[in-house]
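Just below is one structure, and these are the notes that go with it.
Residue numbers (the working numbering): 1 to 469.
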């Protein structure tokens with residue numbers, strides 16, 4: 001049976017325009033019953049019909065920042081594969097023409113050299129390493145995992161705070177649910193909220209961000225070592241198309257890549273630099289980092305982080321909501337096993353109030369927000385206009401076809417009704433004629449009875465017997 005992530009992906013990939021998709025994205029709660037981390041975030045913005053319509057417009061504006069093919073790939077979780085195929089030129093042009101000059105929302109995935117995520121069997125192995133890593137008697141394994149990316153000198157570098165440890169547990173439970181596994185009992189569910197002094201999962205440190213991503217001076221103690229780590233940071237060349245798309249409903253093969261992948265969504269005013277930070281495990285998402293380190297512990301360099309800039313944010317007021325909307329589109333929250341984000345998207349957006357970004361800084365060769373907004377690329381707006389026109393024409397043709405079928409059926413019904421009326425009138429006429437004939441027969445019989453000679457038979461006999469007759 002498909003997971004909720006797969007069901008959501010099909011729901012988000014079905015609309016053929018951003019306007020249609022907006023309605024699907026704001027649908028809260030989920031039609032599939034599972035609660036989502038962002039349900040309250042969305043529902044509070046739709047307290048009545050007026051606020052719902054306003055919020056729907058904001059979500060549409062967010063989607064207008066994204067190429068539609070990218071939207072589809074985000075929904076299906078196939079972006080790493082599409083980036084090697086149909087979207088390869090798109091992402092190359094974005095990196096060359098915009099680079100780190102325009103703030104953006106980016107999405108990370110953990111995939112192999114072909115852009116394919118781990119299999120179910122491999123994820124089970126990775127989760128077992130993560131569980132052992134979080135246990136109290138795993139020093140040897142912790143040391144090995146901690147040195148997979150760089151040579152960290154800090155033990156438990158991926159789980160050194162209560163908030164981050166809870167985030168790991170949340171992800172493990174969500175992934176086990178997604179894979180349809182029995183609960184292996186790493187920790188009781190009540191443990192996740194039983195400690196009143198524990199840091200909330202939405203704490204900035206819950207995903208390991210110890211400094212704002214926009215801070216040019218943000219550094220990690222292991223940065224020098226990590227910088228030399230064997231991480232795949234180059235864009236792979238065109239690869240052969242793989243069989244990975246969506247899992248068959250009846251399929252439960254553990255050797256197939258997990259459908260829709262596993263994602264992580266973030267925002268930065270310098271997105272490509274931020275993606276490199278994630279690859280180096282510097283001020284990064286610790287859930288994603290531990291997953292990658294555990295994957296390397298088990299499978300060597302087969303899997304690594306790949307990041308893609310998916311939406312350029314030229315309006316600072318849309319930075320937070322853009323991260324939240326794209327997080328829902330990509331199903332990147334850990335509680336459902338769809339991704340590595342353990343906190344709500346948009347709550348800790350760094351760089352929106354970055355002074356050089358607001359005022360413009362010639363030294364950094366950056367433009368102010370107002371300049372970026374004035375020069376916004378309108379290609380997506382034009383694309384949406386064409387899509388709306390096509391959908392309008394489609395629905396118009398569909399309505400006309402339905403009306404034609406309705407008219408055809410109506411004409412047949414009218415013809416049938418007329419035939420029934422005709423036959424009814426005809427039957428009435430026949431009955432009337434029969435009635436009239438009956439009356440005539442009765443009159444004729446009455447006249448015959450009146451004029452009848454009772455001796456007519458005797459008279460005939462006499463006539464026949466009279467020779468002179």
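Just so you know, even glycine gets a beta-carbon here, dropped at the ideal spot from N, CA and C.
On a predicted model such as this, the values are computed, not experimentally measured, just so you know.
(request) Report yes or no: do three or more beta-carbon pairs, one from the region 146-161 and one from the region 87-106, lie closer than 8 Å? (result) no
(request) My understanding is that residue 130 touches residue 294, with C-beta atoms under 8 Å, so please give their C-beta distance in whole angstroms. (result) For the purposes of this step, residue 130 is taken as the residue at position 130 of the chain shown. For the purposes of this step, residue 294 is taken as the residue at position 294 of the chain shown. At roughly 5 Å, the Cβ-Cβ gap stays under 8 Å, so residue 130 and residue 294 are in contact.
(message) I'd like the span of the alpha helix (DSSP H) that includes residue 57, first residue to last.
(response) As a working mapping, residue 57 is identified with position 57 in the chain shown. Unbroken alpha helix (DSSP H) run through residue 57: 49-63.
(request) Return yes when the Cβ of residue 311 is within less than 8 Å of the Cβ of residue 321, no when it is not. (result) Here residue 321 refers to the residue found at position 321 when the chain shown is read from its first residue. Here residue 311 refers to the residue found at position 311 when the chain shown is read from its first residue. Contact flag unset, no.
(request) Quick one: using the 10 Å Cβ neighbour count with 16 as the cut-off for buried, is residue 339 buried or exposed? (result) In the chain shown, the residue the question calls residue 339 occupies position 339. Under this definition residue 339 is a buried residue.
(request) Answer yes or no: do residue 308 and residue 106 have a C-beta to C-beta separation smaller than 8 Å? (result) Taking the chain shown and counting its residues from 1, the one referred to as residue 308 is at position 308. Taking the chain shown and counting its residues from 1, the one referred to as residue 106 is at position 106. Yes, the Cβ-Cβ distance between residue 308 and residue 106 is below 8 Å.
(request) Provide the residue(s) that pair with residue 106 in DSSP beta bridges, ordered along the chain. (result) Within the chain shown, residue 106 is the residue found at index 106, counting from 1. Answer by DSSP bridge pairing, in chain order: 266, 309.
(request) Just mark residue 65 as buried or exposed, buried being the case when its beta carbon has 16 or more other beta carbons within 10 Å. (result) Sequence index remark: in the chain shown, residue 65 carries index 65 (1-based). By the neighbour-count rule (16 or more Cβ atoms within 10 Å), residue 65 is buried.
(request) Quick one: residues in its chain with C-beta nearer than 6 Å to the C-beta of residue 74, no 5 flanking neighbours on either side, listed in chain order? (result) As a position in the chain shown, residue 74 is number 74, starting the count at 1. These residues qualify, in order along the chain: 329, 330.
(message) Quick check for students: name the residue ranges of the alpha helix (DSSP H) that lie wholly in the region 119-179, counting only runs of 4 or more.
(response) Correct list: 120-134, 139-146, 162-179.
(request) Verify whether the separation of the beta carbon atoms of residue 71 and residue 79 is less than 8 Å. (result) Here residue 71 refers to the residue found at position 71 of the chain shown. Here residue 79 refers to the residue found at position 79 of the chain shown. No.
(message) Considering Cα atoms alone, identify which of 156, 53, 127 is closest to residue 137.
(response) The sequence position of residue 137 within the chain shown is 137, counting from 1. Taking only the C-alpha atoms, the option nearest residue 137 is 156.
(request) Compare the C-alpha of residue 384 against each of 465, 17, 466, 317 and name the closest. (result) By 1-based counting over the chain shown, the position of residue 384 is 384. The option with the nearest alpha carbon to residue 384 is 17.
(message) So for residue 409, helix, strand or coil by DSSP?
(response) By 1-based counting over the chain shown, the position of residue 409 is 409. Reduced to three states, the DSSP call for residue 409 is helix.
(request) With a 10 Å radius around its C-beta and 16 neighbouring C-beta atoms as the bar for buried, classify residue 430 as buried or exposed. (result) Numbered from its first residue, the chain shown carries residue 430 at position 430. Answer is exposed; the Cβ neighbour count stays below 16.
(message) Using 8 Å as the cut-off, can you tell me whether the region 107-117 makes contact with the region 43-62, which would need three or more C-beta pairs spanning the two stretches below that distance?
(response) no
(request) Inspect the beta-carbon positions of residue 303 and residue 118 and report whether they are closer than 8 Å. (result) Taking the first residue of the chain shown as 1, we reach residue 303 at position 303. Taking the first residue of the chain shown as 1, we reach residue 118 at position 118. Their beta carbons are under 8 Å apart, which means residue 303 touches residue 118 by this criterion.
(request) Give the range of the alpha helix (DSSP H) segment to which residue 9 is assigned. (result) For the purposes of this step, residue 9 is taken as the residue at position 9 of the chain shown. Boundaries of the alpha helix (DSSP H) around residue 9: 4-13.
(request) Go through its chain and collect everything with a Cβ distance to residue 281's Cβ below 7 Å, but skip five positions before and after it. (result) Walking along the chain shown from the start, residue 281 turns up at place 281. These residues qualify, in order along the chain: 149, 150, 226, 289.
(request) Give the DSSP-derived three-state secondary structure of residue 92 in the structure shown. (result) As a working note, residue 92 is residue 92 in the chain shown. Three-state DSSP puts residue 92 in a helix.
(request) On the DSSP bridge assignment, give the partners of residue 332 in chain order. (result) Locating residue 332 in the chain shown gives position 332, where the first residue counts as 1. DSSP lists no partner for residue 332.
(message) One question on the structure: do residue 337 and residue 323 come within less than 8 Å of each other, judged by their Cβ atoms?
(response) Translated into the one-based positions of the chain shown, residue 337 becomes position 337. Translated into the one-based positions of the chain shown, residue 323 becomes position 323. In this structure, residue 337 lies away from residue 323, with their beta-carbon atoms at least 8 Å apart.
(message) Once DSSP output is grouped into helix, strand and coil, what is the label at residue 80?
(response) For the purposes of this step, residue 80 is taken as the residue at position 80 of the chain shown. Helix at residue 80.
(request) Taking all protein chains shown into account, decide if residue 271 is buried (16 or more other Cβ within 10 angstroms of its Cβ) or exposed. (result) Counting from 1 along the chain shown, the entry for residue 271 is found at position 271. So residue 271 counts as buried.
(request) To the nearest angstrom, report how far apart residue 457 and residue 437 are at their CA atoms. (result) Working through the chain shown from its first residue, we reach residue 457 at position 457. Working through the chain shown from its first residue, we reach residue 437 at position 437. So the two alpha carbons sit approximately 30 Å from each other.
(request) Express the C-alpha separation of residue 405 and residue 116 in angstroms, rounding to a whole number. (result) By 1-based counting over the chain shown, the position of residue 116 is 116. By 1-based counting over the chain shown, the position of residue 405 is 405. Going by C-alpha positions, residue 116 is about 47 Å away from residue 405.
(message) What would DSSP say about residue 467, mapped onto helix, strand or coil?
(response) Residue 467 sits at position 467 when you count from the first residue of the chain shown. It is coil, neither helix nor strand.
(message) Quick check on the DSSP output: the alpha helix (DSSP H) that includes residue 42 runs from which residue to which?
(response) Walking along the chain shown from the start, residue 42 turns up at place 42. Residues 39-43.
(request) With residue 298 as the anchor, note down where its alpha helix (DSSP H) starts and where it stops. (result) Sequence index remark: in the chain shown, residue 298 carries index 298 (1-based). 286-299 is the extent of the alpha helix (DSSP H) around residue 298.
(request) Please classify residue 380: is it buried, with 16 or more other beta-carbons within 10 angstroms of its beta-carbon, or exposed? (result) Taking the first residue of the chain shown as 1, we reach residue 380 at position 380. So residue 380 ends up on the buried side.
(request) Tell me whether residue 199 sits in a helix, a strand or coil according to DSSP, three-state version. (result) Walking along the chain shown from the start, residue 199 turns up at place 199. Bear in mind that a pLDDT of 34 at residue 199, under 50, signals an unreliable position, so the number given afterwards is only what the model happens to contain. Here residue 199 sits in coil by DSSP.
(request) Tell me whether residue 175 is buried or exposed, calling it buried when 16 or more other Cβ atoms sit within 10 Å of its Cβ. (result) Translated into positions along the chain shown, residue 175 becomes position 175. With 16 or more Cβ atoms within 10 Å of its Cβ, residue 175 is classed as buried.
(request) Output the distance between the C-alpha atoms of residue 35 and residue 414, rounded to the nearest integer angstrom. (result) Start at 1 with the first residue of the chain shown, and residue 35 comes out as number 35. Start at 1 with the first residue of the chain shown, and residue 414 comes out as number 414. Taking the straight line from one Cα to the other gives about 52 Å.
(request) Measure the Cβ-Cβ separation of residue 342 and residue 167 and say whether it is below 8 Å. (result) Residue mapping note: residue 342 aligns to position 342 of the chain shown, counting from 1. Residue mapping note: residue 167 aligns to position 167 of the chain shown, counting from 1. Yes, the pair counts as a contact, with Cβ atoms nearer than the cut-off.
(message) Am I right that residue 123 and residue 258 are in contact with their C-beta atoms under 8 Å? What's the rounded C-beta distance?
(response) Along the chain shown, read from residue 1 onward, the residue named residue 123 stands at position 123. Along the chain shown, read from residue 1 onward, the residue named residue 258 stands at position 258. Right, the Cβ-Cβ distance comes to about 6 Å (below 8 Å), so this counts as a contact.
(message) Looking at the strands, I want to know which residues DSSP matches up with residue 341.
(response) Numbered from 1 along the chain shown, position 341 holds the residue referred to as residue 341. Note: residue 341 sits in a beta bridge opposite 333.
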